[in-house]
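Here's the structure, in structure tokens; my notes come after.
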Amino acid sequence: MPETKNKKFSVNADGLFKQNIVLMSGLVTAPIIVAATNAERAVMLIVSFFLISYTGILLCRFIPRRIVYTVRILLYAVVAAAMYIPTMILLERLFHEAVSEVSLYVGLMVVNSFLLAKTETRFYLKPYPEMTLDAFIYVLGYALVTLVVGVLREILAYGTVYSFHLCEPIMPAAKSPFFGFILVGILAAFCRSIVGRRTSVRKERGV
Amino acid sequence: MSEVFARIVSVAMISVFMQNAIFDRAFGANVAIYASRKNEHVVGFTLGITVMTTLASIISYFFDKLVMPLENGYLFMPLIYVGIIGILYVAGLLIMWKFFHKMFRKVKQYAHLAIFNCTVIGALFLNSNYGSDLASYIGYGFGTGIGFFLACFMLNIAHERLDSEKIPRIFRGYPIMLIYIGIVSLAFNVLVGYTAEF
Chain F
199 MPETKNKKFS VNADGLFKQN IVLMSGLVTA PIIVAATNAE RAVMLIVSFF LISYTGILLC
259 RFIPRRIVYT VRILLYAVVA AAMYIPTMIL LERLFHEAVS EVSLYVGLMV VNSFLLAKTE
319 TRFYLKPYPE MTLDAFIYVL GYALVTLVVG VLREILAYGT VYSFHLCEPI MPAAKSPFFG
379 FILVGILAAF CRSIVGRRTS VRKERGV
Chain C
60 MSEVFARIVS VAMISVFMQN AIFDRAFGAN VAIYASRKNE HVVGFTLGIT VMTTLASIIS
120 YFFDKLVMPL ENGYLFMPLI YVGIIGILYV AGLLIMWKFF HKMFRKVKQY AHLAIFNCTV
180 IGALFLNSNY GSDLASYIGY GFGTGIGFFL ACFMLNIAHE RLDSEKIPRI FRGYPIMLIY
240 IGIVSLAFNV LVGYTAEF
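Those protein sequences? They're chains F and C, same order as listed. If you read the first sequence in my numbering, its first letter stands for residue 199, the second for the next number, and so on. If you read the second sequence in my numbering, its first letter stands for residue 60, the second for the next number, and so on.
The structure is reproduced here in structure tokens:
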């Protein structure tokens with residue numbers, strides 16, 4: 199404990215791009231690929247991911263580490279499943295009937311690898327305040343990708359942004375799961391190219 | 060009896076081809092990509108997921124009938140499903156530890172990935188939405204596991220080529236795998252002439 203007290207509080211923004219959970223690690227992709235077909239659905243997914251996963255991470259930190267890993271994982275999922283209840287109640291208040299369009303994918307978030315795996319390999323190795331910020335940056339990274347995918351698909355499939363008319367639908371198939379796979383794949387390659395370029399520039403500068 | 064069997068087979072066929080867990084719903088796509096890298100993982104993950112989806116579907120049938128008719132009963136379904144999956148997961152590991160010690164050592168590293176993923180819990184959610192009788196629950200649960208195998212197998216045979224030097228560096232690995240799944244998903248949609256409405 200004294201060791202952590204002496205450590206300098208550091209902010210690591212890796213979760214935003216360099217280790218983005220969707221584009222770089224490939225975690226929690228199903229809701230984005232299938233359900234994020236417009237901006238409203240993207241916002242619903244972001245709210246639910248924040249409430250289920252982020253709150254789950256903060257709460258699960260209090261589960262004693264001496265409990266065997268097998269049972270600990272199960273407890274993480276139970277906490278997330280419990281968080282599903284207030285999340286759905288809030289979503290129904292905010293978005294009314296539209297929630298039914300994404301409810302299946304909100305349910306899937308209770309067993310997402312971000313909560314079940316990333317916690318053990320990254321978050322719980324850090325002091326609590328640092329972990330709180332680090333996990334939040336990861337959630338921001340997820341939110342950014344979800345929003346970009348949702349908005350892009352809405353423009354292509356419906357010609358609107360958050361139901362505001364922009365143009366005629368360019369590609370109605372953009373709302374299909376297969377397009378979701380292809381779009382996320384292209385965005386992942388794009389993100390890798392930017393991260394790779396920034397890393398090589400830093401190496402050249404000797405940073 | 061033959062009617063029940065026919066129902067199980069027909070629902071299983073639907074979940075393998077028409078509503079494939081990976082290609083149509085993207086359930087556990089990241090797990091499929093991970094599992095497809097090694098032949099032994101394809102078999103291990105498929106076995107784990109198939110056994111889990113089938114057994115969990117049977118148990119969840121009774122809970123669905125009990126809880127779903129209640130007002131706000133759907134809010135508690137994830138908790139119930141996690142409970143069912145958790146009990147089966149611990150029981151499975153205990154059985155392996157007791158009787159198949161060697162296998163237990165191998166499996167324990169990735170057992171949680173095979174069990175706690177979207178494919179398993181997604182099958183239970185879809186069953187509660189669309190399943191009507193026990194036979195359809197069993198068929199959908201079993202078919203989900205077989206559908207996962209089909210997807211994993213297709214990714215496994217393409218893995219070497221997609222990871223080759225011919226693929227641009229930034230696309231190699233995960234991005235090209237997603238694009239490949241997208242193209243196969245498109246082929247499945249065209250083959251079936253059907254688009255899933257979730």
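Quick reminder that beta carbons are idealized off the backbone N, C-alpha and C, glycines included. A quick note: this is a predicted structure, and the numbers were derived from the prediction, not measured.
{"Item": "Okay, do the region 188 to 198 of chain C and the region 321 to 328 of chain F touch, 3+ Cβ pairs below 8 Å being the bar?", "Value": "no"}
{"Item": "Mind checking residue 219/C: buried by the 16 CB within 10 Å criterion, or exposed?", "Value": "exposed"}
{"Item": "Determine, for residue 137/C, whether the minimum Cβ-Cβ distance to residues of chain F falls below 9 Å.", "Value": "yes"}
{"Item": "Buried or exposed: residue 98/C, going by 16 or more other Cβ atoms within 10 Å of its Cβ?", "Value": "exposed"}
{"Item": "List, in chain order, every chain C residue whose beta-carbon is nearer than 8 Å to that of residue 282/F.", "Value": "134, 137, 138"}
{"Item": "Quick one, are the C-beta atoms of residue 61/C and residue 133/C less than 9 Å apart?", "Value": "no"}
{"Item": "Over the uninterrupted alpha helix (DSSP H) stretch that includes residue 389/F, give me the two end residues.", "Value": "375 to 403"}
{"Item": "Under the three-state reduction of DSSP, which class applies to residue 215/F: helix, strand or coil?", "Value": "coil"}
{"Item": "Measure the CB-CB distance between residue 233/F and residue 299/F and report whether it falls below 9 Å.", "Value": "yes"}
{"Item": "Should residue 314/F be flagged as near chain C, meaning a C-beta pair shorter than 9 Å?", "Value": "yes"}
{"Item": "Could you check the C-alpha separation between residue 334/F and residue 287/F for me, to the nearest Å?", "Value": "23 Å"}
{"Item": "Quick test of your reading: residue 378/F and residue 230/F, contact by CB under 8 Å. State the CB separation rounded to the nearest angstrom.", "Value": "7 Å"}
{"Item": "Starting from the N-terminal side, write out each stretch of the alpha helix (DSSP H) that is 4 residues or longer and does not extend beyond the region 125 to 198 of chain C.", "Value": "136 to 158, 160 to 166, 170 to 174, 177 to 189"}
{"Item": "Helix, strand or coil for residue 86/C? Go by DSSP, reduced to three states.", "Value": "coil"}
{"Item": "Is the region 227 to 246 of chain C in contact with the region 116 to 128 of chain C, if contact means three or more CB pairs nearer than 8 Å?", "Value": "no"}
{"Item": "By how many angstroms is the C-alpha of residue 297/F removed from the C-alpha of residue 304/F?", "Value": "9 Å"}
{"Item": "Going by C-alpha to C-alpha distance, which of 342/F, 368/F, 343/F, 345/F sits closest to residue 353/F?", "Value": "368/F"}
{"Item": "Can you tell which of 249/F, 398/F, 404/F, 387/F has the C-alpha that lies nearest to the C-alpha of residue 226/C?", "Value": "387/F"}
{"Item": "Are the beta-carbon atoms of residue 91/C and residue 104/C separated by less than 9 Å?", "Value": "yes"}
{"Item": "For residue 168/C, count neighbouring C-beta atoms within 10 Å of its own C-beta (all shown protein chains included) and say buried if the count is 16 or more, exposed if not.", "Value": "exposed"}
{"Item": "Going by C-alpha distance, which of 385/F, 390/F, 349/F is nearest residue 373/F?", "Value": "349/F"}
{"Item": "Pull up the CB-CB distance for residue 336/F and residue 213/F, whole angstroms please, since I reckon it's below 8 Å.", "Value": "3 Å"}
{"Item": "At a Cβ threshold of 9 Å, is residue 128/C touching chain F?", "Value": "no"}
{"Item": "Report the rounded CA-to-CA distance for residue 138/C versus residue 83/C, giving the unit in angstroms.", "Value": "25 Å"}
{"Item": "Contact between the region 175 to 193 of chain C and the region 143 to 152 of chain C: three or more CB pairs below 8 Å?", "Value": "yes"}
{"Item": "Any beta-carbon of chain C closer than 9 Å to the one on residue 218/F?", "Value": "no"}
{"Item": "If you reduce the DSSP assignment to three classes, tell me which class residue 358/F lands in.", "Value": "strand"}
{"Item": "Can you check which of these residues, 260/F, 238/F, 302/F, 209/F, is closest to residue 358/F by C-alpha distance?", "Value": "238/F"}
{"Item": "Against chain C, which members of the region 253 to 274 of chain F pass a CB distance test of less than 7 Å?", "Value": "268, 271, 272"}
{"Item": "Between 302/F, 279/F, 241/F, which lies nearest to residue 293/F when the distance is taken from Cα to Cα?", "Value": "241/F"}
{"Item": "Which term fits residue 53/C, buried or exposed, when burial requires 16 or more other beta carbons within 10 angstroms of its beta carbon?", "Value": "Residue 53/C falls outside the range modelled here, since chain C spans only 60 to 257, and no answer is possible."}
{"Item": "If I'm right that residue 77/C touches residue 243/C with Cβ under 8 Å, what's the distance once you round it to whole angstroms?", "Value": "At roughly 14 Å, the Cβ-Cβ gap does not stay under 8 Å, so residue 77/C and residue 243/C are not in contact."}
{"Item": "Keeping to the same chain, check which residues put their C-beta closer than 7 Å to that of residue 222/C; ignore five residues upstream and five downstream.", "Value": "231, 232"}
{"Item": "Kindly say whether residue 310/F, judged by its beta-carbon, lies nearer than 9 Å to any beta-carbon of chain C.", "Value": "yes"}
{"Item": "Suppose you measure from the CA of residue 383/F to the CA of residue 157/C; what does that come to, to the nearest Å?", "Value": "43 Å"}
{"Item": "Report the neighbours of residue 306/F on chain C: residues whose CB is nearer than 8 Å to its CB, in chain order.", "Value": "86, 177, 180, 181, 184"}
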